[in-house]
Amino acid sequence: MAWSLTSRTRAGWGRKLEPRGVSVIGVVPVKPAPFSYLRPESLAAAREALLRHGPEARILAGGQSLLPMMALRVAQPAVLVDIGRIAELRGVTRDERGLRAGALTCHAELLSSPVVQASVPLLSLALPHVAHAAIRNRGTLGGSLALADPAAELPACALALEAVMHINGSLGSRAVPAAEFFQGLYSTVVGDGEILTAVVFPVSASGEQVFFDEISRRRGDYAIAGLAAVARADQTLRLSFLGCGDRPMRAPHAEALAADARRSMRVPDRGELKAALATDLDPPSDLQASADTRLHLAAVLVERALRSWSAHGNASSQDTI
Ligand SMILES: Cc1cc2nc3c(=O)[nH]c(=O)nc-3n(C[C@H](O)[C@H](O)[C@H](O)COP(=O)(O)OP(=O)(O)OC[C@H]3O[C@@H](n4cnc5c(N)ncnc54)[C@H](O)[C@@H]3O)c2cc1C
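Here the working numbering = 1-based position in the sequence shown + 743.
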């Protein structure tokens, strides 16, 4: 076992519980509720730590979502298992099965990777929309997918690309298609004690076109509505929306309508498209936009995808309102 443990008392004292490689935390007033901190150096040690502490434990990856939630005390895990030093969770490789990205790969690394650009161009279109540079330097692919924010870009891309998530736990490993991975609002099939280890994205096929666009109040904000889309050479489409339900949502009726329109080189009727999207999606109403506005924006995004594919192939833009 190669992990170490410190514990912080209610007064903020650090107390050393394991001897190896531990730096003791001093008397520092902190915003989060008290927690213990583990930093395993292997997947096996991380699994063991998660198993030992059960639902009390939470995985820490880039910390860009979890730490703010802890500072606000929305999340109060008793034990943090920091997976940041586990080398086997890092790296991007391409083989005959597709592009495999380790869960700890940060957004900035994916964005600057020529292999990602050449193999899965949809990711390269979507990643500039994920937050800001400082957050992209720390936030990870696995963290974004495991958090499953319905307005996040990467879950919608994973769904549009039919990516496969690899999960490891004490009972072994399993591979879960993106369509089954997202279970609801901030909810996935990753169970207590399990770790999302990697994601395999199919490599873009010849003749395939991709599109990413979103509408947000300011650049870098979570989207009010967004679309990750793939048009295949066989004329079928995959439309995957963010911000239009409690999870990333495919839109089968709108896909059929848009594919028909694409075959006949036209843009579908806006009313018809919106009606199809109303069947497929379940957008929330909140302070940013009503459900009806989101359906309207979703229809506009589909029209943009069709126009941009007929004009110049793969495309991405971002509008603010
Ligand atoms: C100001 C701000 C703006 C942002 N804007 C956007 C945006 O526009 N779009 C967007 O998509 N995101 C945005 N984010 C979130 C950011 O992209 C995070 O990086 C991402 O959501 C979580 O990644 P992380 O590595 O930081 O995960 P963490 O914060 O460390 O963890 C997030 C959750 O996932 C779990 N987890 C992490 N890794 C794993 C794993 N391998 N296996 C199982 N569970 C795991 C954790 O236990 C935790 O519950 C923003 C964040 C901030 C602070």
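Don't be surprised by glycine CBs; every beta carbon is placed ideally from N, CA and C.
Everything numeric in this text was worked out from a predicted model, so none of it was measured.
Query                                                                                                                                                          : Result
Residues in its own chain within less than 7 Å of Leu865 by CB, not counting five upstream and five downstream?                                                : Cys900, Ala903, Leu904, Val953, Phe955, Ala971, Val973
Who are Ala918's beta bridge partners in DSSP?                                                                                                                 : His909
With respect to the beta strand (DSSP E) encompassing Glu957, which residues constitute its N-terminal and C-terminal limits?                                  : 952 to 959
Taking the beta carbon of Arg962 as the centre, do at least 16 other beta carbons fall within 10 Å, making it buried, or is it exposed?                        : exposed
Which of helix, strand or coil does DSSP assign to Ala830?                                                                                                     : helix
Assign Ser930 to one of three DSSP states: helix, strand, or coil.                                                                                             : strand
What number of angstroms, rounded off, separates the C-alpha of Ser983 from the C-alpha of Ser916?                                                             : 27 Å
When the distance is taken between beta carbons, is Phe944 closer than 8 Å to Gly845?                                                                          : no
State the CB to CB distance for the pair Leu1049 and Ala1001, rounded to an integer number of angstroms; the pair is presumed to be in contact (CB under 8 Å). : 6 Å
Report the partner residues of Phe924 according to the DSSP bridge assignment.                                                                                 : DSSP output for Phe924 lists no bridge partner at all.
Measuring CA to CA, which of Leu870, Glu1046, Met1008, His875 is closest to Pro898?                                                                            : Leu870
Is it true that the CB of Asp989 sits closer than 8 Å to the CB of Pro893?                                                                                     : yes
Name the residue from Ile967, Gly950, Asp1023 whose alpha carbon lies nearest to the alpha carbon of Arg975.                                                   : Gly950
With distances taken from CA atoms, which of Gly886, Val942, Leu985, Leu1016 is nearest Val863?                                                                : Val942
Per DSSP, what kind of secondary structure is Gly1014 in: helix, strand or coil?                                                                               : helix
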